[in-house]
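Here's the structure we're looking at; comments come further down.
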Amino acid sequence: SAVISQKPSRDICQRGTSLTIQCQVDSQVTMMFWYRQQPGQSLTLIATANQGSEATYESGFVIDKFPISRPNLTFSTLTVSNMSPEDSSIYLCSVVGSSQEWYNEQFFGPGTRLTVL
Amino acid sequence: SQKIEQNSEALNIQEGKTATLTCNYTNYSPAYLQWYRQDPGRGPVFLLLIRENEKEKRKERLKVTFDTTLKQSLFHITASQPADSATYLCALDAPMGSSSASKIIFGSGTRLSIRP
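Protein sequences, first through last, are from chains A and B. Using this note's numbering, the first residue of the first sequence is number 90, and each one after it goes up by one. Using this note's numbering, the first residue of the second sequence is number 694, and each one after it goes up by one.
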């Protein structure tokens, strides 16, 4: 299985500022996913991040608002830019298992709880 | 685009009974379907995966069925316990544009409460 850590675990930010969330995986993975989970809602995929290429964004999400870095196979960052209260959510990093035992199983980090005032 | 519906937003049952959760999907047929458990303040945790050519899969007190004709999966917890109380999410793979890779998309979840 993959163990994923995220920093920060939570933050309270002012409107108009930006926050960068870090995701660290204990093994090398090809694809990393960033999700958003708003209060009482399910997970919505923001983007898929491959090492060495630009992230692929889902409909409704753009790079200027959610820039992503993927400098190596164990690390990624998601930045929430020019924040507004509507960005208040839990942001989750995820990877898909690649070994035969864990193939297609998705592992999640603990999440970053963001509150924008 | 793919749409996933989990019919019940919340389900309350008596301890010891079997809990049955439903997941329906539309449009294309996924190669596999997954069920996750999510506790408050935590990320989802994988429970079971069932492939398109499998009718049923079991793991301890959990059972998942997959009917590709009805485009439906049922998730059962037998001999339910208060510790089973959580939100259960259905998820399936969806293609990523022209790439052969796939992404996982999630249903809205069913909040299950088991009362003693």
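Cβ atoms here follow ideal geometry from the backbone N, Cα and C, with glycine treated the same way. Bear in mind that the values here come from a model prediction, so they are computed numbers and not experimental data.
Using C-beta distances below 7 Å, list every residue in its chain close to Ile798 (chain B), excluding the 5 sequence neighbours before and after it, in chain order. Gln695, Ile697, Ala784, Leu785, Ala787
Test: Pro128 (chain A) CB closer than 8 Å to a CB of chain B: no
Counting along the chain, where does the beta strand (DSSP E) carrying Ser94 (chain A) start and finish? 93-96
Per DSSP, cross-strand counterpart(s) of Phe697 (chain B): According to the sequence shown, residue 697 (chain B) is Ile rather than Phe. B:Tyr718.
Using the three-state DSSP reduction, which class does Pro733 (chain B) fall into: helix, strand or coil? coil
For Arg730 (chain B), I'd like the list of residues in its chain whose CB is within less than 8 Å of its CB, leaving aside the five on either flank, ordered along the chain. Pro737, Val738, Leu740, Ala779, Thr780, Tyr781, Leu782
Three-state secondary structure assigned by DSSP to Glu708 (chain B): coil
At which residues does the beta strand (DSSP E) containing Asp760 (chain B) begin and terminate? 755-760
Taking 8 Å as the CB-CB cut-off, is Ile743 (chain B) touching chain A? no
Short Cβ contact (8 Å threshold) for Ser170 (chain A) with Lys154 (chain A): yes
Can you confirm whether Ser801 (chain B), when its beta carbon is compared against all beta carbons of chain A, has any partner nearer than 8 Å? yes
Can you pull out the residues from the region 136-160 of chain A whose beta carbon lies closer than 9 Å to at least one beta carbon of chain B? Thr137, Asn139, Thr145, Glu147, Ser148
Got a sec: is the Cβ-Cβ distance from Ser131 (chain A) to anything in chain B below 8 Å? yes
By the DSSP assignment, the beta strand (DSSP E) with Lys764 (chain B) in it spans what residues? No beta strand (DSSP E) contains Lys764 (chain B), which DSSP labels as neither H nor E.
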